[in-house]
Structures are given as C-alpha cells and as structure tokens.
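Respectively, the protein sequence lines represent chains C and R. 0 is the number of the first residue of the first sequence in numbering that gives the first Met the number 0; add one for each residue after it. 0 is the number of the first residue of the second sequence in numbering that gives the first Met the number 0; add one for each residue after it.
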Amino acid sequence: MYLDTVFFYIFALITLAGGLLTVTRRNAVHSAMSLILALIGVAGLFLLQKAEFLFAVQIVLYVGGIMVLFLFVIMLVNLDQAARVRQFNRQWWLALACVLAVAAEVIYVLSRGSSAFRYAAPAAPPQAGNVQLVADILFKQYLLPFELASILLLAAIVGSVIMARKRT
Amino acid sequence: MLHPVTTTHYLVLSAALLAIGTIGVLARRNIIIILMAIELILNAVNINLIAFSHHLGQLQGQVFAIFVITVAVAEAAVGLGILIALFRNKETVQADEIDLLKW
C-alpha cells in the first residue's frame with residue numbers, strides 16, 4: 000500500500016477539477032474560487048515532493064495574495080453584462096482540437112519514454128531543512144537573478160499603479 | 000494494484016494542466032478568466048520544475064519555481080492594472096470586442 004500514490008491521485012484530481020472548472024464557469028467569481036482549489040491542489044503536490052518552502056509560498060502568495068487581487072478586480076469591474084453573453088469565442092473548437100492534439104502527443108511521448116524517469120538511487124537525506132537549503136542556493140548561486148527579480152517587481156508596482164490610476 | 004508515483008506521473012499531470020490552461024487562454028472571451036488561465040499554465044510549469052528537482056535530488060528547480068512565481072505576481076498585477084484602465088475606457092471585458100487595431 001503506497002500512501003504517496005493515494006495522496007498523489009487525490010491532489011491531482013483536485014488540481015485538474017479546479018482547472019477545468021476555472022476555464023468553464025460563466026461567473027468570474029466561481030472561476031476564481033475554482034482556481035483557488037486548483038492552486039491548493041498544486042500546493043499539496045509540492046508538499047508530496049518535499050518542497051515545503053514552496054508549499055508555504057504557494058498558499059501564502061498565490062491563494063492569499065494573487066487570488067485576493069483577482070477578487071478585488073472582479074468586484075471593481077462590472078461583470079453582470081459579461082456573464083450574460085457568449086462565453087467562448089467563435090474559434091473555440093479549433094483551439095480545443097489543437098490543444099487536445101498537442102496534449103495527446105506530449106502525454107504519449109512521456110509515457111513511451113517513462114523508463115528514462117526511473118529514480119536512479121535514493122538521494123542522501125538532506126543535511127538541513129528545506130528552507131535553509133533553498134536559501135543557500137538562492138543567495139549564493141542565484142544572487143544576481145534574485146536582485147533582478149526585485150527590479151522586475153519594482154517595475155511591476157510602478158506600471159500597475161500608472162495603469163490603474165485615474166487620468167488627470 | 001497501486002504503483003509508486005514516478006516522475007512521469009507528475010509530468011503527465013503537468014501536461015494536462017497546461018492543456019487546460021491553454022484552452023482557457025485561447026477559447027474564453029472574458030479577460031479576467033484568460034488571466035486566471037495564464038496562472039494555471041505557470042502552475043503547470045512549476046509542477047514540472049519541482050518534479051525534476053525531486054527527481055534529480057537537487058534544489059535548483061525549487062529556486063527557479065520561486066522565480067516563476069515572482070514573474071507570475073508581476074504579470075498578474077500589471078495585467079489587472081491594464082484591465083482596469085481598459086474597462087474605464089471601453090466598458091467591456093470581452094477580449095474580442097477590443098479590436099481597434101483590426102481592420
């Protein structure tokens with residue numbers, strides 16, 4: 000009996016069901032709630048793969064930050080009109096066919112080559128906690144990208160404020 | 000009956016989530032839901048990165064996932080700012096009604 004397998008299928012089901020509901024619901028608030036479900040499923044998958052720091056980041060940042068931002072914007076923008084009209088554009092069948100073809104191809108190739116993804120040898124147990132190990136790599140090996148990310152965030156803050164403010 | 004979970008499971012799940020997100024981006028008309036579908040795509044990428052990080056026993060993948068989340072935050076903030084400016088000017092959130100540059 001593999002408990003990991005059971006949890007994997009539970010979280011995968013949560014993720015895929017949340018994703019499908021997100022792209023099919025008519026009401027944008029329902030879509031946002033389903034997206035929260037999908038994000039929590041992804042967080043569970045992170046925990047299954049021993050990425051505890053990213054699990055916390057996923058919950059706090061995505062579910063607590065980005066989704067609240069989305070819900071605020073949904074409240075700001077009047078969506079009553081949008082909920083009553085056609086939800087999919089005219090080429091939706093073409094998009095569906097293309098995406099399904101690509102997905103079937105990728106999944107077929109992945110399952111054909113699955114022998115390449117066997118675990119070689121169990122890695123040595125980590126010497127420190129996940130947060131400490133991630134911080135070591137982030138601040139030593141990837142210090143420059145880390146600083147560049149802060150510049151990106153600054154640009155995003157300034158840009159979004161300028162976009163959203165009233166024209167004077 | 001139950002097999003242990005391999006990296007392939009995670010990759011197939013990630014591909015499925017990517018497909019769902021891509022359908023959302025290509026087929027929906029509501030811009031807010033298109034932005035949410037982009038978040039789904041970025042999460043599929045993160046699942047991939049974490050799966051390979053776990054597979055190889057190295058933590059670089061988790062660091063890259065943090066960068067991907069950073070970019071996702073910036074993208075969501077700017078995208079929603081653009082959406083508010085657009086709604087103030089054109090009173091619509093349907094992607095195919097914004098066609099000033101089309102002829």
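C-beta: ideal position from N, C-alpha, C; glycine also.
For C:Leu-109, the chain R residues whose Cβ falls inside 9 Å of its Cβ are Thr-7, Leu-10, Val-11 and Ala-14, in order along the chain. Around the CB of C:Asn-77, fewer than 16 other CB atoms lie within 10 Å, so the residue is classed as exposed.
Assigned with DSSP and collapsed to three states, C:Gln-80 falls in helix.
With contacts defined as CB atoms closer than 8 Å, C:Ala-102 and R:Leu-25 fail to qualify as a contacting pair.
By the C-beta density criterion, R:Asn-29 is buried, having at least 16 other C-beta atoms within 10 angstroms.
Closer than 7 Å at the C-beta level to chain R, one finds these residues of the stretch 122-152 of chain C: Ala-122, Leu-132, Val-133, Ile-136, Leu-137, Tyr-141, Pro-144, Ala-148, Leu-151 and Leu-152.
Check the Cα spacing between C:Pro-144 and each of R:Lys-101, R:Phe-63 and R:Ala-75: the tightest is with R:Phe-63. For C:Gly-63, no CB of chain R lies under 8 Å from its own CB, so it is not counted at the interface with that chain.
Taking the Cα of C:Ile-156 as reference, the smallest distance to any Cα among R:Thr-5, R:His-8 and R:Thr-69 is reached at R:Thr-69. Interface residue (Cβ-Cβ distance to chain C less than 8 Å): R:Val-77 is classified as such. Taking a C-beta distance under 8 Å as the contact criterion, C:Asn-26 and C:Ala-82 qualify as a contact pair. For the stretch 69-89 of chain C, the set of residues with a beta-carbon nearer than 9 Å to any beta-carbon of chain R comprises Phe-69, Phe-71, Val-72, Ile-73, Leu-75, Val-76, Asn-77, Leu-78, Gln-80, Ala-81, Ala-82, Val-84, Arg-85, Gln-86, Phe-87, Asn-88 and Arg-89, in chain order. Using a 10 angstroms sphere on the CB of C:Ile-161, the tally of other CB atoms stays under 16, which defines it as exposed.
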